[in-house]
Amino acid sequence: MSREHDKGMSVIVKTITRLTVGLIFLYGIHILSHGHVSPGGGFAGGIIVALSFVHLMLAYGKDVALEKLPRGVTSLFEGMGAIIFLSIALIGFTSGYFFINFLAKGEPFRLFSAGIIPLCNIAIGLKVGAGLFAIFVALVLLKFDTESKENKK
Amino acid sequence: MIDLHLLLIAMIIGAIIAVEVKDLLSSVVALGAVGLVLSIAFLVLKAPDVAITQLVVEILALIILIRATLRKDLPFSASGRWVLNTFIAVCFIGVILVVAYKCFKDLPEFGYPIMRVAETYLKEGLPKTGAANIIASVILDYRAFDTLGEATVLFTAVIGVLALVRRIGRKRADETISDKEEY
Chain A
14 MSREHDKGMS
24 VIVKTITRLT
34 VGLIFLYGIH
44 ILSHGHVSPG
54 GGFAGGIIVA
64 LSFVHLMLAY
74 GKDVALEKLP
84 RGVTSLFEGM
94 GAIIFLSIAL
104 IGFTSGYFFI
114 NFLAKGEPFR
124 LFSAGIIPLC
134 NIAIGLKVGA
144 GLFAIFVALV
154 LLKFDTESKE
164 NKK
Chain B
79 MIDLHLLLIA
89 MIIGAIIAVE
99 VKDLLSSVVA
109 LGAVGLVLSI
119 AFLVLKAPDV
129 AITQLVVEIL
139 ALIILIRATL
149 RKDLPFSASG
159 RWVLNTFIAV
169 CFIGVILVVA
179 YKCFKDLPEF
189 GYPIMRVAET
199 YLKEGLPKTG
209 AANIIASVIL
219 DYRAFDTLGE
229 ATVLFTAVIG
239 VLALVRRIGR
249 KRADETISDK
259 EEY
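Residue numbers (the working numbering), protein chains in the order written: chain A, 14 to 166; chain B, 79 to 261.
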């Protein structure tokens, strides 16, 4: 057995996780990128993407999940989402005011329509997903002083 | 209307169970049931965006509560000055009921909101922003400033949590931290 079978839950959970985690990730991307034509949007899609990594972490333990999405990359995504969102708003100054919809509107009900709204959705999704996964990792790995003392005994 | 009332009653029962039950895990599960019923209530009120967001946030909060904060040696206090506490709680509930009765009389009736601003959005939302989902056009075009504020709040919250729980901030004076155990 390989190294990743040592930690985490049972083989049944790991097998089901391997089959479903990609689907959950893709569903999150779908919700995120179709936020302007169907219910959903950046916030919900970002959380579903984060939930797929949470799923991986619950089943396989922290080593496998943090190998796929290291903490540095999480911080990078979080900061990048915020900066993309703010710079989209600031670019609006070139053609008018803050948060102006400066791209072409396109045809309604198409994926590439509505100007800056899909880009804003992607930025918010990056930010929310990375931020909430970082909070989850920090709270799960948090160990209080009493516990670490008991572990040493 | 009757289904909405049933959902509200189920939410109140779930909340009471979550407060009253002794086991912490049962309490967290009851709280998750309240969130699920709230999501269904949003669906009944024809707000799928809010329902999706409520559902996924509830799932993430439930996982964090169960996996991260639920421990057997958590301090749990059931004693206290219950006479004074009950008196204060009853007083506050009475004040809130009186004030709510006076306030809610002036609100428009349920199901008949004031549509002064929303009518403009419904009429001009699709041609002006090009987004078929009217909610996306409101939160990311008409009211994008609010979304920027919300993003800032979430960013600050994440930074605050990460700064509070990091390992290096909780070490003793004589401890040394290696790179491996940063949390």
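Glycine included, every Cβ here is placed at the ideal spot set by N, Cα and C.
Answer with buried or exposed for residue 131 of chain A, where buried requires no fewer than 16 other C-beta atoms within 10 angstroms of its C-beta.
buried
In angstroms, rounded to a whole number, what distance separates the CA positions of residue 127 of chain B and residue 190 of chain B?
20 Å
For residue 134 of chain A, report the span of its alpha helix (DSSP H) as first-last.
130-153
Contact under 8 Å by Cβ, residue 62 of chain A with residue 98 of chain A:
no
Quick check on the DSSP output: the alpha helix (DSSP H) that includes residue 239 of chain B runs from which residue to which?
222-243
Can you tell me whether residue 127 of chain A is buried or exposed? The criterion is at least 16 other CB atoms within 10 Å of its CB, across all chains shown.
buried
N-terminal and C-terminal residue of the alpha helix (DSSP H) that residue 174 of chain B is part of
160-182
List, in chain order, every chain B residue whose beta-carbon is nearer than 8 Å to that of residue 126 of chain A.
208, 209, 210
Alpha helix (DSSP H) segment containing residue 70 of chain A, residue limits
55-73
Please report the distance separating the alpha-carbon of residue 101 of chain B from that of residue 109 of chain B.
13 Å
Quick check: the segment 47-65 of chain A against the segment 210-218 of chain B, are there 3 or more CB pairs under 8 Å?
yes
Less than 8 Å between the beta carbons of residue 122 of chain A and residue 223 of chain B, yes or no?
no
Between the C-alpha atoms of residue 116 of chain B and residue 86 of chain B, what's the straight-line distance to the nearest angstrom?
8 Å
Mind listing the chain A neighbours of residue 240 of chain B? Cutoff is C-beta to C-beta under 7 Å, in chain order.
147, 151
Reduced DSSP secondary structure (H/G/I, E/B, other) of residue 38 of chain A
helix
Residues in the same chain with beta-carbon distance under 6 Å from residue 99 of chain B, minus the five sequence neighbours each way, listed in chain order, please.
105
Top-ranked residue by Cα proximity to residue 60 of chain A, from B:122, B:135, B:118:
B:135
Between the Cα of residue 220 of chain B and the Cα atoms of B:203, B:159, B:144, B:131, which residue gives the shortest distance?
B:203
Residue 236 of chain B versus residue 70 of chain A: straight-line alpha-carbon distance, rounded:
19 Å
Proximity test, Cβ basis, 8 Å: residue 141 of chain A and chain B:
yes
When you compare only the Cα positions, how much space is there between residue 43 of chain A and residue 119 of chain B?
24 Å
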